[in-house]
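Using our numbering, you'd call the opening residue of the sequence shown number 856 and step up by one each time.
First the structure, in the form of structure tokens, and then the observations on it.
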Amino acid sequence: MKLGHVLILICLIFSLNSFGIEQPAIIKAYCEKLDKSFKKYGWEKSQCEDFNWLHYRNSVLGDPLMWTTFGDVSDEDLPSFKDKDVTIVMCGVHGDEITPIKFCFDLMYYLRDAYSPENKDSKLREEFKNKVVLVSPLVNPDSFFKKRPTRVNARGIDPNRNFPTSDWMLEARKIWLQKFKKEPRRNPGLKPNSEPEVIFQVNLIKRFNPDKIVSVHSPLTVLDYDGPMHPVNGGADGGKAQELLIQMSKDADGYNIKDYPFFPGSLGNWAGQERNIPTYTLELPSSDARKNAEYWSLFKGAMHKVIVHNVRQQDVAKSPVPDEIPSVENSRLKPN
Ligand SMILES: [Zn+2]
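This is how it looks when you write it as structure tokens:
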């Protein structure tokens, strides 16, 4: 090896952190901010810089909207990817719901161990074979990073009322103005899909066409399901998705299942109702940051189950989600 090569190698080694991941400046700054918040809530360091983040788009105030991947997505453009069982987990859509954000990190630590090549648990490895999990632990950073976190984003819009559902134009603003009397916490915006936090979720779902989605909120203490129903319109897939719902509740000490009505512009409506993607909303019992260890231990089994449980029939090919909105997340550009 030539001296020049040795020097390059040494520079490379020293430019990587201890886990071998060199993060762009925007992610580094974000991770520092995140750790300050984690400290404020009495949580251990987030280990944010140790994960591989993908990021194309920023929040209104310029923080990265990002996700990390577990499992092999190198064949995402090939037919073989259709055979993989893909789960998307999202937390922190409402920034004042504190517990879900740490919950997603607890899930990430669990998955990092489960997917590690050093994991010698052959049963676990077998269970996670062909399973892909995408985790976005903080969908709405602007509202979480405020001194007093809010539900709405930096422009005052509720990211769970701004999805481009077919009833949005007719109903979203009408319901907000008449039924909710312009309640600031539920402002759907002036038009659908106008907010970066919503465009981010829409594009992630379109790009990876998941088999199921879990969105974690608090504090309503329920599991809510939107998606194909058995036997009305979902056939066997609807049955499987509902079986999983019941199993998740059983694994979490009989956690309350409640079928909430869906709202114009909500994720459950857009992904579950309109696109038939089984969508599970887990509402943790409180937003009390001291309870996180308790919540993770209560739902660890259910989260494991939702990832390894196949809800779509093997012989039914996944149909791609229609792509009416051009986006960078949908392209194969290198993320920043
Ligand atoms: Zn919420």
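Even for Gly, the Cβ is constructed at its ideal location relative to N, Cα and C.
Taken from the Cβ of Asn1015, at least one heavy atom of ligand 1 lies inside 8 Å.
Scanning its chain for C-beta atoms nearer than 7 Å, with the 5 sequence neighbours on each side dropped, one finds around Phe958 the residues Cys946, Val1071, Leu1139, Asn1147, Tyr1150, Trp1151, in chain order.
The criterion of a C-beta distance shorter than 9 Å is not satisfied by Asp951 and Arg1041.
The criterion of a C-beta distance shorter than 9 Å is satisfied by Ser991 and Phe1055. Residue environment: Thr1076 is assigned as exposed (fewer than 16 neighbouring CB atoms within 10 Å of its CB, all protein chains considered). When Cβ pairs closer than 8 Å are counted between the two stretches, the stretch 894-905 is seen to touch the stretch 874-883, the count reaching three or more. In this structure, Glu952 has its beta carbon less than 8 Å from a heavy atom of ligand 1. Secondary-structure assignment with DSSP links Asp1143 through no beta bridge to anything. Between Gly926 and Tyr970, the gap from beta carbon to beta carbon is short of 9 Å. Annotated as distal: Asn995 and Pro972, with beta-carbon spacing of 9 Å or more.
Ile943 is classed as buried because its beta carbon has at least 16 other beta carbons within 10 Å across all chains shown. A residue is called buried when at least 16 other Cβ atoms come within 10 angstroms of its Cβ; Asn1165 does not meet this threshold and is exposed. In the structure shown, Asp905 falls within a helical segment according to DSSP collapsed to helix, strand and coil. Burial of Leu1078 is indicated by the presence of at least 16 other C-beta atoms within 10 angstroms of its C-beta. By the neighbour-count criterion, in which a residue is buried when 16 or more other Cβ atoms sit within 10 angstroms of its Cβ, Ile876 is exposed.
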